[in-house]
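Numbering (the UniProt record's numbering), first residue to last: 1 to 252. Everything on this sheet refers to the single structure shown next.
See below:
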């Protein structure tokens, strides 16, 4: 199986302000394979966001190495890793440009990573394609193609962020608690949409969640983190045998 991401002895230490070094990622070894959909559970300070940040390149390793698609990216900054990755953040405002319309945001996503030229945008040539795309969200977004995204609801903005992140089929999709800021009903519909995109398009994805139910329901692998370490890495068969109560024991 093709490895998409490989972390070897990945460690991050930071100064806690009292001239003491604190380890926030502790000698982590992790292989992520093509079409893996990993869900990540862990309490506050477990190292979940640190793991995402070192993969994305927004935080550098103190020691260890990281490979994406076989390339050693350990010392590459985030912008050099962007060709491999797409990320949906917890805050719905993070993934879209508020003053640009839904169509303009989608156009940016469509040409992400391509060489820029000074040709006209020809945005109307994509109206049919974009309308068809956003009608998949099932939340009325197709009526707002010409609406600035700043006027959309949080759920609509997250659905648009997800569409933008998956439009170019990234090698790795990072879902950073992307349903946490939404109400329960909207969160459920966005998770259904996420699963449809990830499994339907055979994407490779990593999802941090605080919802135990989502960790049980979605993905083919589950990682549990504690104190900067991976303490469990369960495959789909092992996951199916777990009860909700088993998960709670990880955090006691």
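Glycine included, each C-beta is placed from N, C-alpha and C at the ideal position. Only a predicted model underlies this, so the values are computations on that prediction, with no experimental measurement involved.
The C-alpha of residue 78 is placed about 10 Å away from the C-alpha of residue 84. Considered as a whole, the segment 74-134 harbours 85-88 as its complete beta strand (DSSP E) runs of no fewer than 3 residues, in chain order. Spanning the alpha carbons of residue 146 and residue 101 requires a straight line of approximately 5 Å. Per DSSP, residue 242 lies in no alpha helix (DSSP H) segment and is marked neither H nor E. Ranked by Cα distance from residue 35, the first of 19, 247, 220, 235 is 220.
The count of Cβ pairs closer than 8 Å, one atom from the segment 225-234 and one from the segment 42-51, reaches three, so the stretches are in contact.
A distance below 6 Å between beta-carbons, with the five flanking residues on each side excluded, links residue 30 to the following residues of its chain, in chain order: 7. The segment 188-203 makes no contact with the segment 3-23; the number of CB pairs closer than 8 Å stays below 3. Burial state of residue 169 is exposed, judged by a 10 Å Cβ sphere holding fewer than 16 other Cβ atoms. The DSSP-derived three-state label of residue 220 is coil. The segment 152-171 and the segment 180-189 touch, with three or more beta-carbon pairs separated by less than 8 Å. In the displayed model, residue 53 falls within a helix according to three-state DSSP.
Residue 63 is bridged by DSSP to 11. Boundaries of the beta strand (DSSP E) harbouring residue 22: 21-33, taken from the DSSP string. Annotation for residue 86: 165, 170, 173 place their beta carbon closer than 6 Å to its own, counting only its chain and skipping 5 residues before and after. When secondary structure is reduced to three states using DSSP, residue 192 falls in the helix class. Looking at the backbone, the Cα of residue 212 and that of residue 1 are separated by about 28 Å.
For residue 206, there is no enclosing alpha helix (DSSP H); the residue is found in the beta strand (DSSP E) stretching over 205-208.
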